[in-house]
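Beneath this line is the structure, given in structure tokens, with notes to follow.
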Amino acid sequence: MNVSALMTVPPITTGPDTLVVEARQLMSNRRIRHLLVTDGPKLLGIITDRDMRLNLPSPATSLSVWDINYVLARMTVASVMTKSVITVESGRDALVAAHLMLDHKIGALPVVEAGSVVGIITETDLLRAFVQAS
Amino acid sequence: MDPILIVDDEVDLVTTYERLLHRKGYRVVSAGSCREGLLILEREPLALVVTDLRLPDGDGLDIVRAARRTPTPTPSLVVTGFASEASRAASLAAGAAGYLTKPFAASNLVSLVQGTLITRQQP
């Protein structure tokens, strides 16, 4: 089965200058765990809910509440996104996507077609296919 | 079979719809606005309508209602990026056969389209 038959569409994207707090809100509203960062048709990076959590100040931080809020209010997705994004072509077999996710220990791959991002395939999509096939 | 009408102002998503449905053997016509969608509904018989809820010039529910008024009522599916219980209830009340939230799994869209068309064909 091809990646295109299993992917999730449309890809939810944001720009690199989006504030992390806004990106978190977008991900919460859309109920997604991976957000693609693009500049027009160009894929710049990917940000996950885990990236967000890891980049928040630790509860043990010595920063004051005001300082934390100051930092958070200015942090952009470009500063926390993963820049080296592994992608998969829409026409590839879904098994290739599964191997890429396993080999690189990642939960999602942007799906590209003729150089443009057309969707995203996640662990959930692969699990759904597994359940539907059984 | 008559074509499936896609009404959505996201050009890239319309292209994705077309690719997904073409692969399953369906013909697709598309409209980027409510007005354009209503014109196509008046002009040609359709097997199914898939419409976004928020269109630049109107409400996708107008498309759903118009589809029900065609000589042979055309089933419709609503797809929205702004999901809520209220919009789901409003869509079904307007006559939509199904409701899908963006982003959606391509396989779920195809299943919903196939299921709706099979239901329509049954006497």
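Sequence lines, in order, name chains A and B.
So the first sequence is residues 794 to 927, counted in the working numbering.
So the second sequence is residues 12 to 134, counted in the working numbering.
The beta carbon of each residue, even a glycine, is placed where N, CA and C say it ideally should be.
**Prompt:** Residues bridged to T875(A) by DSSP?
**Reply:** Along the first sequence, read from residue 1 onward, the residue named residue 875(A) stands at position 82. Per DSSP, I839(A).
**Request:** Scan the region 38-67 of chain B for residues whose Cβ lies nearer than 9 Å to a Cβ of chain A and list them as they occur along the chain.
**Result:** Per Cβ criterion, the list is empty.
**Prompt:** Among I17(B), Q132(B), V22(B) and L123(B), which one has its Cα closest to the Cα of A108(B)?
**Reply:** In the second sequence, counting from the first residue as 1, residue 108(B) sits at position 97. Ranking the options by Cα distance to A108(B), first place goes to L123(B).
**Asked** Which word fits G71(B), buried or exposed, when buried means at least 16 other C-beta atoms lie within 10 angstroms of its C-beta?
**Response** Counted from its first residue, the second sequence places residue 71(B) at position 60. Label assigned to G71(B): buried.
**Where S877(A) meets chain B, residues with beta-carbon distance less than 7 Å** = Walking along the first sequence from the start, residue 877(A) turns up at place 84. S877(A) does not reach chain B, its nearest Cβ partner there being about 23 Å away, counting only Cβ pairs nearer than 7 Å.
**Asked** Quick one: any contact between the region 823-832 of chain A and the region 910-922 of chain A, if contact means 3 or more CB pairs under 8 Å?
**Response** They touch, by the three-pair rule.
**Request:** Return no unless some Cβ of chain A is closer than 8 Å to the Cβ of L175(B).
**Result:** This structure cannot speak to residue 175(B), because chain B is shown only from 12 to 134.
**Prompt:** Comparing alpha-carbon positions, which option in F115(B), V22(B) and P84(B) lies nearest T130(B)?
**Reply:** Residue numbering aside, residue 130(B) sits at position 119 when the second sequence is read from its first letter. Selected option, being the one with the closest Cα: P84(B).
**Length-filtered (3 minimum) beta strand (DSSP E) runs lying within the region 37-94 of chain B** = Taking 3 residues as the minimum length, the beta strand (DSSP E) runs contained wholly in the region 37-94 of chain B are 39-42, 59-63 and 87-91, in order along the chain.
**Request:** At 9 Å on the CB atoms, spell out the chain B contacts of E818(A), in chain order.
**Result:** Indexing the first sequence from 1 puts residue 818(A) at position 25. First, the residue type needs correcting, since residue 818(A) is Gln and not Glu in the sequence shown. Chain B residues near Q818(A): none, gap ~14 Å exceeds 9 Å.
**Asked** Considering only C-alpha positions, which residue in the set D20(B), A78(B), L66(B) and P82(B) is nearest to A105(B)?
**Response** Within the second sequence, the letter at position 94 stands for residue 105(B). A105(B) has its Cα closest to that of A78(B), out of D20(B), A78(B), L66(B) and P82(B).
**Asked** Going along the region 85-106 of chain B in order, which residues come within less than 9 Å of chain A, judged by CB to CB distance?
**Response** Those would be G92, F93 and A94, in chain order.
**Prompt:** So is A117(B) buried or exposed if we call it buried at 16+ other beta carbons inside 10 Å?
**Reply:** Within the second sequence, the letter at position 106 stands for residue 117(B). With 16 or more other Cβ atoms within 10 Å, it is buried.
**Message:** Let's see if you can read the secondary structure: which residues bound the alpha helix (DSSP H) around L828(A)?
**Reply:** Residue numbering aside, residue 828(A) sits at position 35 when the first sequence is read from its first letter. In the DSSP assignment, L828(A) falls outside any alpha helix (DSSP H) and within the unbroken beta strand (DSSP E) covering H827 to D832.
**Request:** For E906(A), collect the residues of the same chain with a Cβ closer than 8 Å to its Cβ; drop the 5 residues on either side in sequence, then sort them by chain order.
**Result:** By one-based count along the first sequence, residue 906(A) stands at place 113. Only S797, E882, S883 and G884 meet the Cβ criterion.
**Request:** Measuring only between beta-carbons, confirm whether T81(B) sits less than 8 Å from chain A.
**Result:** Taking the second sequence and counting its residues from 1, the one referred to as residue 81(B) is at position 70. Among the residues facing chain A, T81(B) is not included, as its CB has no counterpart in that chain under 8 Å away.
**Request:** Helix, strand or coil for D971(A), going by three-state DSSP, please let me know.
**Result:** Within the shown structure, residues of chain A are numbered from 794 to 927, placing residue 971(A) beyond reach of any answer.
**Request:** Flag this pair as yes or no: are the beta carbons of D63(B) and R46(B) separated by less than 8 Å?
**Result:** Looking up residue 63(B) in the second sequence gives position 52. Looking up residue 46(B) in the second sequence gives position 35. No. Outside cutoff.
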